[in-house]
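Q: In this note's numbering, the protein residues as written are -17 to 236. Heads up, the beta-carbon is just placed ideally off N, CA and C, and yes, glycines get one too. Please read these numbers as outputs of a predicted model, since none were measured by experiment.
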Amino acid sequence: MTPVAASNAARFAEVPIAQGGTPARAWLDWGCQFPPLPLDGCPGLLVVAPHPDDETLGFGGAAGAIAARGVDVHTVVASDGGAAWPGLSAREQTHLEHSRRRESRRSAALLGLRPPTFLGLRDGGLADAESRLADILTDLLADRVAGTWCAATWRGDGHPDHEAVGRAAAVATSRTGAVLLEYPVWMWHWARPGDANVPWQRATRVILDPVAVERKQHAAAVFRSQLDPDDGRDPIVPPHVLARLQAVGEVAFR
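1) Under 8 Å Cβ to Cβ from Gly2, same chain only, skipping five residues before and after it: list those, please.
2) Is the CB-CB distance between Ala116 and Ala134 below 8 Å?
3) So the candidates are Pro142, Thr155, Ala160; which of them puts its Cα closest to the Cα of Pro166?
4) Return the residue from the list Thr120, Thr76, Ala0, Val204 that minimises the CA-CA distance to Arg215.
5) Applying the criterion that 16 or more other CB atoms from any shown protein chain within 10 Å of the CB defines a buried residue, is His200 buried or exposed?
6) Rank Asp139, Ala(-13), Ala234, Thr120 by C-alpha distance to the C-alpha of Glu164 and give the top, closest one.
7) Unbroken beta strand (DSSP E) runs of length 3 or more, entirely within the region 125 to 199: which are they?
8) Span of the beta strand (DSSP E) holding Val29?
9) Report the rounded CA-to-CA distance for Ser207 versus Val29, giving the unit in angstroms.
10) Cα-Cα, which of Leu123, Leu19, Glu85, Pro20 is closest to Phe205?
11) Ignore the nearest five residues each way along the sequence and tell me which others in Pro217's own chain have a CB closer than 7 Å to its CB.
12) Round the Cβ separation of Pro32 and Leu95 to the nearest angstrom and send it over; I've been treating them as touching at under 8 Å.
13) Three Cβ pairs or more, each shorter than 8 Å: is that satisfied between the region 182 to 193 and the region 14 to 24?
14) Does the Cβ-Cβ distance between Arg226 and Leu93 come in under 8 Å?
15) Flag this pair as yes or no: are the beta carbons of Pro175 and Trp67 separated by less than 8 Å?
16) Any idea what DSSP makes of Phe100, helix, strand or coil?
So, in structure tokens, the structure goes:
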């Protein structure tokens, strides 16, 4: 198993999304070159996301490129994302969950992937379901080809649900011998270039051709409930967050 990552939930909480976080330009000017992730060496891929959209924002380009090679790719989304905003009524939460599942299916189709499997675990409470999630992922990986990659959100990403998914995936891969990859999403927001809390020595970069980059941009744009909610709420993924993720590209810790 890869080294255990300490939680960065406190770091994430210290930097409100509306305040911008670390700008994309700071990451681009850093100029650190990570070795490429060899996508052609992937025999099978299980992508695990905490919420509908993380699978696309964090690893969608890689998943699409791997699927285009004829490799079997399966996506699992742990929660339906109904608690994106506090204080939602039961009806509002159900509507949001339906919208987010629909967006996730459409995004997967644009990436050339089959529809995700939605586990329906409680949004905001994935740490409480961590053991159950680890068992589910273990069963899924046990049925897949030897050496399958399991890409999950990084255990140190800052968002508690993201970290819980990463821990569950780490347990499942240690049980099955699958290869663990951890992709950051919110790390780019709270961390700084060279940050001591980030395992840069394990970082690899996903290299995508222009067609794959454009495909991912279209796939990311379908998450309107998070990018541009129609009820007047602040977006969970405001323009600067999406622009930063697109600028830095995809990274996976091995």
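A: To lay it out plainly:
1) The residue you call residue 2 lines up with position 20 of the sequence shown. Contacts found: His222.
2) As a first step, residue 116 must be located in the sequence shown, where it is residue number 134. As a first step, residue 134 must be located in the sequence shown, where it is residue number 152. Against a cut-off of 8 Å, the Cβ pair of Ala134 and Ala116 comes out as no contact.
3) Stepping through the sequence shown from its first residue, residue 166 is reached at position 184. Comparing Cα positions, the closest option is Pro142.
4) Locating residue 215 in the sequence shown gives position 233, where the first residue counts as 1. Comparing Cα positions, the closest option is Ala0.
5) For the purposes of this step, residue 200 is identified with residue 218 of the sequence shown, where counting begins at 1. So His200 ends up on the exposed side.
6) Taking the first residue of the sequence shown as position 1, residue 164 is located at position 182. For the residues Asp139, Ala(-13), Ala234, Thr120, the minimum Cα distance to Glu164 belongs to Ala234.
7) 131 to 135, 161 to 165, 185 to 187
8) Sequence index remark: in the sequence shown, residue 29 carries index 47 (1-based). Unbroken beta strand (DSSP E) run through Val29: 27 to 31.
9) Sequence index remark: in the sequence shown, residue 207 carries index 225 (1-based). Sequence index remark: in the sequence shown, residue 29 carries index 47 (1-based). Cα to Cα, the separation comes out at about 22 Å.
10) Looking up residue 205 in the sequence shown gives position 223. It is Glu85 whose Cα lies nearest to the Cα of Phe205.
11) Numbered from 1 along the sequence shown, position 235 holds the residue referred to as residue 217. Correct list, in chain order: Gln208, Leu209, Asp210, Pro211.
12) In the sequence shown, the residue the question calls residue 32 occupies position 50. In the sequence shown, the residue the question calls residue 95 occupies position 113. At roughly 18 Å, the Cβ-Cβ gap does not stay under 8 Å, so Pro32 and Leu95 are not in contact.
13) The region 14 to 24 and the region 182 to 193 touch, with three or more beta-carbon pairs separated by less than 8 Å.
14) Mapped onto the sequence shown, residue 226 falls at position 244. Mapped onto the sequence shown, residue 93 falls at position 111. Contact: no.
15) Here residue 175 corresponds to residue number 193 of the sequence shown, with the count starting at 1. Here residue 67 corresponds to residue number 85 of the sequence shown, with the count starting at 1. For Pro175 and Trp67, no; Cβs fall outside 8 Å.
16) Working through the sequence shown from its first residue, we reach residue 100 at position 118. Three-state result, Phe100: strand.
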